[in-house]
């Protein structure tokens, strides 16, 4: 069973396929197995690494409490264990915050970070205000309606049920991740790192609006923006073909212009 050591905490991860590396970082209800539709589709062309943050899936969950500030180190531990040097980190929702911070901690290992349905915890007053306004609208909806569209819930009751069951394998909860974006990176810090950033958004994301994501893209010079028509917050689950195509396109095209040492 592959395990990485993150400051004494055992972090479970899996590696599939071969080729340029993509490391997937789950959100608050996920774990390594939530990426089943991505691994199967991407492993023929890419090395696909999935990871369980502490408190999730098969990683160590024995600690009395969890601190979101530790999650980036869990991703770094896997990068170091596998000796990856040109990885693209792909975060889902709040997992994007951990992905971005991990990329900034190990820019020599990470060429790009894809912020899926997230601003990655970027510290910027205008973006914080826009995200807070989106969140205020999102909390008016039942949790499942924030994540999956109603037509999908009606037509794929089986996959909707499985989606909800995924979270039952985790000990950590959403409240354990809320402080993850405290003291987040500035736009200037991201630019200085040499790590290329892409925003991946769904047109029907009920948690973070396309308007907000587009503004983040405008404020971060050199960033990329991919908006998938009709896709919800949990695009990876509901619209895997479109999601996988977007991730594959970004992995093929994104490179980070590293400064010579």
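In my numbering, the protein residues as written are 990 to 1250.
Virtual Cβ for every residue (Gly too), placed ideally from N, Cα, C.
{"Asked": "Taking the continuous alpha helix (DSSP H) assigned at residue 1236, which residues delimit it?", "Found": "1229 to 1242"}
{"Asked": "Does the count of Cβ pairs from the segment 1009 to 1025 and the segment 1038 to 1051 closer than 8 Å reach three?", "Found": "yes"}
{"Asked": "Helix or strand or just coil, what does DSSP make of residue 1248?", "Found": "Confidence is the limiting factor: at residue 1248 the pLDDT is only 47, short of 50, which leaves the residue's position unreliable, though a coordinate-based value still follows. DSSP places residue 1248 in coil when its eight states are reduced to three."}
{"Asked": "Could you work out which residue in 1207, 1164, 1031 is closest to residue 1176 when comparing CA atoms only?", "Found": "1207"}
{"Asked": "Quick one: grab the DSSP three-state call for residue 1188.", "Found": "strand"}
{"Asked": "For the alpha helix (DSSP H) holding residue 1181, just list the boundary residues, first then last.", "Found": "1176 to 1182"}
{"Asked": "Go to residue 1149, then tell me how far its alpha helix (DSSP H) extends in each direction, as first and last residue.", "Found": "1146 to 1155"}
{"Asked": "Excluding the 5 residues preceding and the 5 following residue 1250 in the sequence, name in chain order all residues of the same chain whose CB lies nearer than 7 Å to its CB.", "Found": "The predicted position of residue 1250 is uncertain, since its pLDDT is 35 and thus under 50; no value can be drawn from it."}
{"Asked": "Residue 1106 and residue 1239: beta carbons closer than 9 Å?", "Found": "no"}
{"Asked": "Helix, strand or coil for residue 996? Go by DSSP, reduced to three states.", "Found": "coil"}
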